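Before any comments, here is the structure.
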Amino acid sequence: MLGRKPAVAPTLALPLLSDEILYLHLMPHEVANLTLAEATRHAPFIEYARCLDASQRPGNHAGDWPEEGQFYPVRVVESHLEGMPLVHVLGFHGEAPYYNAYAPHRFELLYTVWLN
1 MLGRKPAVAP TLALPLLSDE ILYLHLMPHE VANLTLAEAT RHAPFIEYAR
51 CLDASQRPGN HAGDWPEEGQ FYPVRVVESH LEGMPLVHVL GFHGEAPYYN
101 AYAPHRFELL YTVWLN
């Protein structure tokens, strides 16, 4: 389209194991239940995170729930509903409105694998 500037995805800075900071480009929209293949069509990388806190599962959560200590492929997405970034576990299934989205305090982002 002429005259329109391309949208730029916001960036999220997350601490790693050391003093390093990982800058993630957030997808400009919320996702539903994505597989690994579907997620890589939106962005050419996969992030991996360890679940740190699987406690206090909400009573109204319908769908998969992570296990503490397990590693998962994830995508960090800015939530328009919550107004903060949420961690989506790829391959998990859940019902609306949160689908497979979890609060960021529940996960520690460990790796980003670029698929280039």
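Residue numbers (full-length UniProt numbering): 1 to 116. Ideal Cβ placement from N, Cα and C applies to all residues, glycine included. Because the structure is a prediction, the values reported are computed rather than measured.
Residue 35 sits away from residue 94, with the two beta carbons spaced by 9 Å or more. The straight-line gap separating the alpha-carbon atoms of residue 114 and residue 43 is approximately 9 Å. Beta bridge pairing from DSSP links residue 83 with no other residue.
Taking residue 85 as reference, the option from 100, 72, 116 with the minimal CA-CA separation is 100. Excluding sequence positions up to five before and after residue 33, its CB lies within less than 6 Å of the CB of 93, 99, 100, all in the same chain and listed in chain order. For residue 46 and residue 108, the gap between their C-alpha atoms comes out near 14 Å. At the C-beta level, residue 49 and residue 67 stay beyond 9 Å of one another. For residue 94, the beta-bridge partners assigned by DSSP are 63.
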